[in-house]
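Chains as they are written, first to last, in the working numbering: chain A, 1039 to 1245; chain B, 23 to 258. Below: the structure, in C-alpha cells.
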C-alpha cells in the first residue's frame, strides 16, 4: 500500500528536557498509513524519549502529538511479568482491547510462530532468552492490530534469521496499511524503509 | 466505564505471578509468625507484634507487586486498561490473600493468647491484613523505586509499633484502629464500631490516594487510550 496523505502519527514542535539537559528540541515527525519510518541518531539523541512521547508514556514539555487509531508500542527492554508465560501475557494484553482468552491465544500464537518463537513447554519469561522475550514483546505490541506501531530497536537479541525476518514483517505491516516507526542503528537496512528521520546529536555533543 | 473482566484478569495474573514465588509466600507467613513468637512478654504485646509483622509482610508484597510491574502497567493502560482497573485487580487478589494469612494467624493467636473475645481478635487481625493492601498500593504508586517504598513502609509500621499507644502519632497511623480491636479482643473491653468505621474510612482514603498517584503516573497513556476508545471501538 502506498503511503496515503493523512498521517496516522503527527508530532509537532516537541520539546523535552530532563532537569537542565535538553533532549528534544523542536522535533517534528509523521508517519502515514502504509509507511515505515526509521528513526536514527546518536546515543542520547532522544530516540527512545521521542518514541515514549509518541506512545503517550511520557509528556512533552511542549508540542503536540496526534495519533489516529490504536497504538502498539514495543519498548527496548521488555516490561513483562517475570513469572508469567507467553500465553498468560497474551491473555492479559488481549483483554485490554476486549479480546477473549481463546482469541488472544490464537492470534498471539500465530504472531509468535511468525517471529520464530520456540514451541514446547511454556516457560516463564524470566527463563526465556533475551531474544525470545523480545519476540514476545513484539507480539504483544502487534496483538491488537494497531494502526500505529512504535518499535524501539525491537530486534535486540534476535539471531540473524529472525532479524531478517523482522524486516520482512515490516513489509507485511506496510502492506496492511500500518504506520510503522522503528528506532534503529542498523544503517544497512535503511533501504527497506520509506523514510529516514535522523535526530540531531545531544546538545552536549553539538559544535 | 470500569470492566469487571479486565479487573478479574488482572487479579488472576497477579495471583499467578505471586503464587509462583514460593519463597516469598513462605516469608509472608513466616514474618508475622516470627514477630509473634519473638515477642512473648504478654499476650497483648505478642498479638500486637504479630499484627505488625503481618502488616509488614502484606504491605511489602503489595508494594513489590505495584512497583515491579510499573513498566507493564504503562503498556497495559496504553493497551486499553484503566488505571483504576490495575489497582482493583491487585486489591482483588491481595485482599483475599491477606485474609487467608490473617485467618490462619488468628487461629494460632486465639489458641495461644486465650483472648476474652476471640471474634474481636480475629476481626482486628483481618482488618490489619486488609488495611495493609491499600497502604502498599498508596506507597507503591506514590514512590518511584522499591528502596524508597520499603523505607516508607518500615517507617509507618515501625512508628506504629514504637509509638506510645495513646499518643497522637499512633492515632493518625493506619493500624491504630485495627490495633484497638485486637486489644479489645484480648482484654474483653473497648470500642468496636468506632475502630471498625475509621479503619474503613482510612482504607478508602488510602485507596483514593493510590488512585490519584497512579492516575498522575499513567495520565498521558490513559488519555491516549481514552481518545482511541472514542475513535475506534475495541474489537470483540
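Even for Gly, the Cβ is constructed at its ideal location relative to N, Cα and C. Being a predicted model, the structure only gives us computed values, none of them experimental.
Partners in chain A for residue i, counting only beta-carbon separations shorter than 8 Å
{"i": "residue 96 (chain B)", "result": "1095 and 1117"}
{"i": "residue 31 (chain B)", "result": "1129, 1130 and 1133"}
{"i": "residue 42 (chain B)", "result": "1121 and 1162"}
{"i": "residue 28 (chain B)", "result": "1133 and 1134"}
For residue i, three-class secondary structure by DSSP
{"i": "residue 1100 (chain A)", "result": "strand"}
{"i": "residue 1236 (chain A)", "result": "strand"}
{"i": "residue 153 (chain B)", "result": "helix"}
{"i": "residue 104 (chain B)", "result": "coil"}
{"i": "residue 87 (chain B)", "result": "helix"}
{"i": "residue 1159 (chain A)", "result": "coil"}
{"i": "residue 195 (chain B)", "result": "coil"}
{"i": "residue 95 (chain B)", "result": "helix"}
{"i": "residue 984 (chain A)", "result": "Because chain A in this structure spans residues 1039 to 1245, residue 984 (chain A) falls outside the shown range and cannot be described."}
{"i": "residue 208 (chain B)", "result": "helix"}
{"i": "residue 1110 (chain A)", "result": "strand"}
{"i": "residue 18 (chain B)", "result": "Look at the range of chain B in this structure, 23 to 258, and you will see that residue 18 (chain B) is not part of it."}
{"i": "residue 240 (chain B)", "result": "coil"}
{"i": "residue 254 (chain B)", "result": "Because the pLDDT of residue 254 (chain B) is 46, which lies under 50, any placement of that residue in the model is unreliable, and the question is left without a value."}
{"i": "residue 228 (chain B)", "result": "helix"}
{"i": "residue 1225 (chain A)", "result": "helix"}
{"i": "residue 1086 (chain A)", "result": "helix"}
{"i": "residue 1077 (chain A)", "result": "strand"}
{"i": "residue 221 (chain B)", "result": "helix"}
{"i": "residue 1066 (chain A)", "result": "strand"}
{"i": "residue 1123 (chain A)", "result": "strand"}
{"i": "residue 1179 (chain A)", "result": "helix"}
{"i": "residue 1135 (chain A)", "result": "coil"}
{"i": "residue 165 (chain B)", "result": "coil"}
{"i": "residue 1245 (chain A)", "result": "Only weak support is given to the placement of residue 1245 (chain A): the predicted model assigns it a pLDDT of 48, under 50, and the value that follows is read from those uncertain coordinates. In the structure shown, residue 1245 (chain A) sits in coil (DSSP, three-state: anything other than H, G, I, E or B)."}
{"i": "residue 136 (chain B)", "result": "coil"}
{"i": "residue 1047 (chain A)", "result": "strand"}
Proximal residues of chain B, C-beta to C-beta of residue i below 8 Å
{"i": "residue 1111 (chain A)", "result": "97 and 100"}
{"i": "residue 1126 (chain A)", "result": "35 and 38"}
Contacts of residue i in chain A (Cβ-Cβ under 7 Å)
{"i": "residue 103 (chain B)", "result": "1134"}
{"i": "residue 91 (chain B)", "result": "1119"}
Member of the options whose CA lies at the smallest distance from the CA of residue i
{"i": "residue 1074 (chain A)", "options": "A:1239, A:1222 and A:1115", "result": "A:1222"}
{"i": "residue 1084 (chain A)", "options": "A:1071, A:1107, A:1053 and A:1103", "result": "A:1053"}
{"i": "residue 1169 (chain A)", "options": "A:1140, A:1194, A:1130 and A:1148", "result": "A:1194"}
{"i": "residue 109 (chain B)", "options": "B:80, B:160, B:70 and B:142", "result": "B:160"}
{"i": "residue 1213 (chain A)", "options": "A:1070, A:1049 and A:1163", "result": "A:1070"}
{"i": "residue 24 (chain B)", "options": "B:32, B:104 and B:66", "result": "B:104"}
{"i": "residue 1061 (chain A)", "options": "A:1126, A:1090, A:1047 and A:1044", "result": "A:1090"}
{"i": "residue 27 (chain B)", "options": "A:1177, A:1124, A:1135 and A:1211", "result": "A:1135"}
{"i": "residue 1116 (chain A)", "options": "A:1123, A:1097 and A:1173", "result": "A:1173"}
{"i": "residue 123 (chain B)", "options": "B:79, B:111 and B:107", "result": "B:79"}
{"i": "residue 49 (chain B)", "options": "B:37, B:71, B:64 and B:75", "result": "B:75"}
{"i": "residue 1063 (chain A)", "options": "A:1148, A:1047, A:1229 and A:1088", "result": "A:1088"}
{"i": "residue 213 (chain B)", "options": "B:173, B:231 and B:142", "result": "B:142"}
{"i": "residue 229 (chain B)", "options": "B:157, B:211, B:219 and B:206", "result": "B:157"}
{"i": "residue 1152 (chain A)", "options": "A:1049, A:1216, A:1187 and A:1207", "result": "A:1207"}
{"i": "residue 170 (chain B)", "options": "B:102, B:86, B:207 and B:188", "result": "B:86"}
{"i": "residue 131 (chain B)", "options": "B:155, B:207 and B:194", "result": "B:207"}
{"i": "residue 119 (chain B)", "options": "B:38, B:209, B:221 and B:197", "result": "B:38"}
{"i": "residue 1051 (chain A)", "options": "A:1068, A:1045, A:1057 and A:1044", "result": "A:1068"}
{"i": "residue 1123 (chain A)", "options": "A:1163, A:1210 and A:1138", "result": "A:1163"}
{"i": "residue 42 (chain B)", "options": "A:1161, A:1055 and A:1171", "result": "A:1161"}
{"i": "residue 180 (chain B)", "options": "B:70, B:52 and B:46", "result": "B:70"}
Chain E within 9 Å of residue i, Cβ atoms only
{"i": "residue 1176 (chain A)", "result": "Looking at the structure shown, chain E is missing, and the protein chains on hand are A and B."}
Any non-hydrogen atom of the ligand GDP closer than 8 Å to residue i Cβ
{"i": "residue 217 (chain B)", "result": "As presented, the structure is devoid of all ligands, the ligand GDP included, so that no description of it is given."}
request  = Determine contact between the region 120-128 of chain B and the region 1147-1162 of chain A, defined as no fewer than three beta-carbon pairs at a distance below 8 Å.
outcome  = no
query = So, do the region 1177-1190 of chain A and the region 1108-1115 of chain A have three or more beta carbon pairs nearer to each other than 8 Å?
reply = yes
query = Taking one C-beta from the region 91-100 of chain B and one from the region 222-235 of chain B each time, how about it: are there three or more such pairs within less than 8 Å?
reply = no
request  = Could you tell me whether the region 140-152 of chain B touches the region 191-203 of chain B, where touching means 3 or more Cβ pairs closer than 8 Å?
outcome  = yes
ask   = Is it a yes or a no for the region 32-47 of chain B touching the region 113-124 of chain B, going by three-plus beta-carbon pairs under 8 Å?
value = yes
message = Whether or not the region 1131-1148 of chain A and the region 131-147 of chain B are in contact is what I'm after, with contact meaning three or more pairs of Cβ atoms, one per stretch, closer than 8 Å; do they touch?
response = no
ask   = How about the region 1231-1241 of chain A and the region 1089-1106 of chain A: do they share at least three Cβ pairs that are nearer than 8 Å?
value = no
task = Would you check if the region 1093-1103 of chain A and the region 234-242 of chain B touch, i.e. whether three or more CB-CB distances between them fall below 8 Å?
result = Taking a cut-off of 8 Å for Cβ pairs, the region 234-242 of chain B and the region 1093-1103 of chain A touch, as three or more such pairs fall below it.
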